[in-house]
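Here's the structure we're looking at; comments come further down.
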Amino acid sequence: METWLLQTQSLCIVLLMIAGIYSRYNRVLHVRIMSLAMIWDIILILQIELSRSAILKASRAVTNAMALNVHVTIAVTTVVFYGFMVYTGRKLLAGDREIRRKHRILGYSTFTLRLLTFATSFWAVVPKE
Ligand code: HEM
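Listed below in structure tokens is the structure:
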């Protein structure tokens, strides 16, 4: 798949997350937007993996292997953080007020990581064969 199509989706996911943070006090909307963003992100990773086995190919083709490793590591960490968001978010919905601060800090960290994933994806572009 064309790189620009993947990166446009990536940008849309970042924009969705901004909308989700903006609507953080509207629980129904917040949960819907964030779930959509996270599911779309996982579908995006699958598209990259399936359409060109990106990591394997890119690790051979890309000139700066270290930059690619940094990108992949940040991207994987972001998905791990999605797990924390669902866990703490569900607890919040169940009425646990203590976990709110944790959800907030993890939330802004997750968003920062997702922004970094987008920014570093420009290092990971596979050259045309
Ligand atoms: C990447 C995903 C997510 C991010 C970045 C995020 C971020 C945030 C932030 C910044 C807040 C405001 C906390 C505060 O100011 O004290 C918040 C509130 C909240 N989030 Fe999330 N969140 C995410 C996913 C989720 C998910 C998956 C759920 C539920 C399953 C959820 C449920 C909630 C709830 C219930 C609140 C409290 C809203 C209220 O005050 O009524 N969040 N979230």
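Those letters in the sequence shown? Residues 526 to 654, by my numbering. Even for Gly, the Cβ is constructed at its ideal location relative to N, Cα and C. Remember, it's a predicted structure, so these values are computed and weren't measured experimentally.
Backbone secondary structure at residue i - three-state DSSP
i: residue 527; result: coil
i: residue 551; result: coil
i: residue 568; result: helix
i: residue 589; result: coil
i: residue 600; result: helix
i: residue 650; result: coil
Continuous alpha helix (DSSP H) stretch holding residue i: start and end
i: residue 620; result: Premise fails: residue 620 is in no alpha helix (DSSP H) and is neither H nor E.
Original post:
Are the region 601-614 and the region 626-634 in contact at 8 angstroms, needing three or more beta carbon pairs?
Top reply: yes
**OP:** Would you check if there are 3 or more beta carbon pairs closer than 8 angstroms linking the region 548-558 to the region 589-603?
**Re:** no
Subject >> the region 528-542 in contact with the region 556-566 per 3-pair CB rule at 8 angstroms >> reply: yes
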